[in-house]
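Working notes, structure below.
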Amino acid sequence: MFAEISQLLLCLSLSLSLYFGIKGLALSYSANFQTCSHLISKSLARTSVLISVLILSCFLLLMQLFIVSDFSVLLVATHSNALLPIQYKIAATWGSHEGSFLLWVLMLACWNTSVTLFSHTKDDFFYVRTTSIMLLLIGVFLLYLIFASNPFTRIFPAPLTGQDLNPLLQDPFMVIHPPMLYMGYVGFAVCFSMAVAALTTGEVNSQWAKLSRPWANAAWAFLTLGILLGSWWAYRELGWGGWWFWDPVENASLMPWFAGAALVHSLAVTDKRNAMKSWAILLAIIAFGFSLLGTFLVRSGVLTSVHSFASDPTRGVFILIMTAGIIGAALILYALRASEFKLGQKFSPISKESLLLVNNVVMTAALSVVMIGTLYPLIAEVLTGRKMSVGPPYFNSVITPILVPAVFLMSLAPWMLWKDSKLLPALKSIAIPAFVGGLVAITFMLINEKTTISTALGILFSVCLLLGTIYSAIHRLHLLKINARQNKDPDGVLLQKRVRKLGSSYWGMFIGHCGLAIFALGVTFVMSFQVEKDIVLKPSEVYQLGGYSVKFVGVRPISGVNFNGVEGIFELRKDGETKARVLNPQKRKYIRSDDPMTEAAVDYGFFGDVYLSLGEATNLQNIEETSWTIRASYKPLMVWVWIGCLFMAIGGFVAIFGKKQSLAMPSKNERLAMNTNLANKQNEKTVKPT
70 MFAEISQLLL CLSLSLSLYF GIKGLALSYS ANFQTCSHLI SKSLARTSVL
120 ISVLILSCFL LLMQLFIVSD FSVLLVATHS NALLPIQYKI AATWGSHEGS
170 FLLWVLMLAC WNTSVTLFSH TKDDFFYVRT TSIMLLLIGV FLLYLIFASN
220 PFTRIFPAPL TGQDLNPLLQ DPFMVIHPPM LYMGYVGFAV CFSMAVAALT
270 TGEVNSQWAK LSRPWANAAW AFLTLGILLG SWWAYRELGW GGWWFWDPVE
320 NASLMPWFAG AALVHSLAVT DKRNAMKSWA ILLAIIAFGF SLLGTFLVRS
370 GVLTSVHSFA SDPTRGVFIL IMTAGIIGAA LILYALRASE FKLGQKFSPI
420 SKESLLLVNN VVMTAALSVV MIGTLYPLIA EVLTGRKMSV GPPYFNSVIT
470 PILVPAVFLM SLAPWMLWKD SKLLPALKSI AIPAFVGGLV AITFMLINEK
520 TTISTALGIL FSVCLLLGTI YSAIHRLHLL KINARQNKDP DGVLLQKRVR
570 KLGSSYWGMF IGHCGLAIFA LGVTFVMSFQ VEKDIVLKPS EVYQLGGYSV
620 KFVGVRPISG VNFNGVEGIF ELRKDGETKA RVLNPQKRKY IRSDDPMTEA
670 AVDYGFFGDV YLSLGEATNL QNIEETSWTI RASYKPLMVW VWIGCLFMAI
720 GGFVAIFGKK QSLAMPSKNE RLAMNTNLAN KQNEKTVKPT
C-alpha cells in the first residue's frame, strides 16, 4: 500500500511542479505581472513547500519499506535483507540508483523551499523566475524518476528474503556521506536558476551577486563536507590505506568543487565591484552542469570505479540527454545575452580583484586537468574501442604545479586592496610568515632525506598561508583596537561594533584559508613522508614502523548480525613507551552475499596515523597459528587533511550568515521600483516601431 501511495504522491508532485513552473514563467512575461506579482509569489512559495512535503513523504515511505523488509518492492528485494542492521536499512534507502535519485529530487525540492523561506520579499520578476526554473528542474527530474527509475516498482511473487546491501556501503559514514554530497551537488541548482533568471531579466549586476553568494557558499560547503566524508570512508573501508585515489567517481565530485570555488570568489568580485559578471554567470551554469555530469558518470555504468554502485547504460542515456538539454539551453541563453552585459568597474593589475581573477584561472585550470583525465578514457574508448585509464601519476604531476603556487598567492589576499593596491607592502606583510615557512622547509631538508624540492615548496607555501592568514587577522584587530582607543572607547563598544562590521564573509574567508593551509600541509607530509609496507607476520612477531613497534598477537573468530570472519589482534607501542594500544583489523564474509570485506584498523594521532589492514592467511587450515599478510602504514599529519577540509567547510557555512540582506531580498519599495523598471524594459522589447 505504501508503494502505491508513494506513486500517487510522486505523480502529484510532478503535475504541480510542471504546472506552476510553466505558469510562473508565463505570468512573469505577462503585461499585468506588476499588479499580481505578490499573489504569484505567494502561490509559488506555497506550492514549493507542498512539493517538498510530498516528496519527503515519498522518501520516508520508501525508508519504511526498507525498515519492514517489504520484499514485494523490487528496490528493497535487491538492496536489503532481513538480517541487515536497521541503520544500514535506512542507508539502503539511498544506496541504490533509484533511491539516490529520489534523494536528489528531495534535496532539490528542499533547496527550492529554502529560497522561499529566506527571500522575504517575493514580489518581483527575479524571484518568480528563479522559483519557476527550480520547479521546472524538479519536474524534469521527477519525469525521469517516475518513468525510467521508479523506486516503488512491485514484483510478483515477492521473494522470501532480499539479496543484500553492497558490503562497501555498510559503514556508518555511508549513512551521512551521500546526503551531504547531494546537498552540495543540488545546491548549485539555486545558483544556476538565479543565473538563468538574471539572464532572462537582463539584470546581471552586484545585486544579483549579493543574492547568489550565500547559496553558492552553502552548496560549496556541503560539497566539501560530502567529499571529506567520502574520502574518510574510503580511507577506513577500502583497506588500501589511501584517502584519494583519483578514481573517476571521486573526480566527478571534484569537478563541481573546483567550479564552485571559482564561483564563490568571482561572486565576491561582482558583489563588491560589479565586475566579472559574465564570468560569474558562466560559472554558475558550469558548476551545476558538472554536478549533473557527475551524476551521469556515477549512475550510467560508463565508468569502472570502486565508488560506482549502479550500472545501467540505458538510464545513463536519459541522464545525458537531460544534462545536455538543461545546460545546453542555459548556454544558448548566455550566448544570446552575453553581449548585453555592461563592463564593471575597472581595477588595477595589482589589486584584490586581480588576485581573485588569478584564483579563478587556477581553479579553472585544475578543473580542466581533472576533466581531461576523467573523460579522455571514455572518449578514447568510443573512438578506438579499447579501454584506457588515466592514473594518479598524470593527476599528481600536472595538477600539483598549478595548485602549489596558488597556495602562496592566497597568503597575499588579506593584504590586497580593492581597485588598486601595492605589491611591495603586501610582500613585506608576509615576510615573517614566509621566513618561518622557509625555515621549517630547510629544517626538513636537512633532517629528512625524503624531502624533495616540491615537498619543501609545499611546506613553505602552506606555513606561509597559515601564519600569514592568522597574522593578517591579528593585525586587523590591532588596528581596530588602536582606532577605538583614539576615539575614546573605554568600554569597547565601538571596538565590538567594528569587529562585527568585518562581516561573516571575512571570517569565513579566514577560517577557509586556514583550513586550506592545514589541508595542504597535511597532504604534503602524507605524500612525502608516509611509510607503507606489505609484510608477513606470525603470532608474537614484532615489526618496526615509523617510530612504532607493531606486535602481531594473533587472530580470533568474530561474528556479527549478518557476517562472520576473523579479527587480528595487534599491540601498538610508540618507541620509548611501555603502554600498548590494541588494534583489531578484520576480514569479514557477509552471509547473504558471500562477499569478502576488509575492515582496516587505524590509530589516529595528531601527528600521524598508524594504519593496519589484514590480508590473507598462508595456511587456511590453521588460521590461529599461521602467518598473515598485513599492510602496515604510518601516515604523518594524516588527521590534518581531515581537519583542513572540515575548516574549509566551516568557513563556507560561516560566510553564509552575513547581514540580513545577504539572504533576504531588498525592501518592498526597492523591489517595486525594480518591477517597474523591468516591466518598462519588457514593453520596450515587445513594442517595436513600424
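In the numbering used here, the protein residues as written are 70 to 759. Don't be surprised by glycine CBs; every beta carbon is placed ideally from N, CA and C.
Span separating the alpha-carbon of residue i from that of residue j
i: residue 415; j: residue 318; result: 40 Å
i: residue 433; j: residue 493; result: 28 Å
i: residue 489; j: residue 518; result: 44 Å
i: residue 81; j: residue 354; result: 29 Å
i: residue 162; j: residue 237; result: 15 Å
i: residue 156; j: residue 449; result: 42 Å
i: residue 244; j: residue 531; result: 33 Å
i: residue 289; j: residue 725; result: 11 Å
i: residue 205; j: residue 73; result: 24 Å
i: residue 712; j: residue 588; result: 7 Å
i: residue 763; j: residue 625; result: This structure cannot settle anything about residue 763, because the visible part of the chain is limited to 70 through 759.
i: residue 390; j: residue 295; result: 26 Å
i: residue 671; j: residue 657; result: 17 Å
i: residue 338; j: residue 367; result: 34 Å
i: residue 483; j: residue 541; result: 6 Å
i: residue 340; j: residue 664; result: 53 Å
i: residue 535; j: residue 321; result: 29 Å
i: residue 444; j: residue 171; result: 26 Å
Option nearest residue i by Cα separation, candidates the options
i: residue 550; options: 107, 568, 277 and 477; result: 568
i: residue 529; options: 514, 714 and 540; result: 514
i: residue 717; options: 626, 136 and 586; result: 586
i: residue 478; options: 451, 420, 158 and 73; result: 420
i: residue 597; options: 677, 453 and 582; result: 677
i: residue 481; options: 463, 466 and 500; result: 500
i: residue 466; options: 442, 451, 260 and 454; result: 442
i: residue 220; options: 282, 447, 187 and 140; result: 140
i: residue 303; options: 242, 344 and 256; result: 242
i: residue 121; options: 340, 203, 388 and 673; result: 203
i: residue 276; options: 343, 250, 184 and 401; result: 343
i: residue 706; options: 697, 698 and 591; result: 591
i: residue 457; options: 464, 451, 463 and 446; result: 446
Cβ-based burial, residue i [other Cβ within 10 Å; buried from 16]
i: residue 273; result: buried
i: residue 95; result: exposed
i: residue 293; result: buried
i: residue 108; result: exposed
i: residue 105; result: exposed
i: residue 137; result: exposed
i: residue 186; result: exposed
Bounding residues of the beta strand (DSSP E) (the contiguous stretch that carries residue i)
i: residue 650; result: 650-652
i: residue 678; result: 677-686
i: residue 230; result: Element bounds for residue 230: n/a, residue is neither H nor E.
i: residue 700; result: 697-705
i: residue 640; result: 632-643
i: residue 672; result: 670-672
i: residue 626; result: 617-628
i: residue 656; result: 655-659
i: residue 612; result: 611-614
i: residue 605; result: 600-606
First and last residue of the uninterrupted alpha helix (DSSP H) at residue i
i: residue 450; result: 421-453
i: residue 505; result: 500-516
i: residue 557; result: No alpha helix (DSSP H) contains residue 557, which DSSP labels as neither H nor E.
i: residue 489; result: Element bounds for residue 489: n/a, residue is neither H nor E.
i: residue 320; result: 317-342
Contacts around residue i, its chain only, beta-carbon distance under 6 Å, and the 5 residues preceding and following it disregarded
i: residue 735; result: The pLDDT assigned to residue 735 is 43, lower than 50, so where the model puts this residue is not dependable, and the model offers no usable value.
i: residue 644; result: 616
i: residue 475; result: 431
i: residue 610; result: 621
i: residue 263; result: 199 and 281
i: residue 594; result: 705 and 706
Contacts around residue i, its chain only, beta-carbon distance under 8 Å, and the 5 residues preceding and following it disregarded
i: residue 471; result: 431, 434, 435 and 438
i: residue 461; result: 314 and 315
i: residue 605; result: 687, 696, 697, 698 and 699
i: residue 240; result: 302, 305 and 306
Proximal residues to residue i (C-beta, below 7 Å), its chain only, five neighbours per side dropped
i: residue 375; result: Unreliable placement is indicated for residue 375, whose pLDDT of 47 sits below 50; the coordinate value is still reported in the next sentence. So the list reads 307 and 316, once near-sequence residues are dropped.
i: residue 174; result: 124, 207, 210, 211 and 214
i: residue 729; result: At residue 729, the pLDDT of 42 sits below 50, so the modelled position is not reliable; the number obtained from the coordinates is stated separately. Correct list: empty, nothing qualifies.
i: residue 77; result: none
i: residue 352; result: 328, 331, 332 and 335
Near the ligand NAP: residue i beta-carbon under 8 Å from a heavy atom
i: residue 661; result: Because no ligand of any kind appears in the structure shown, any question about the ligand NAP cannot be addressed here.
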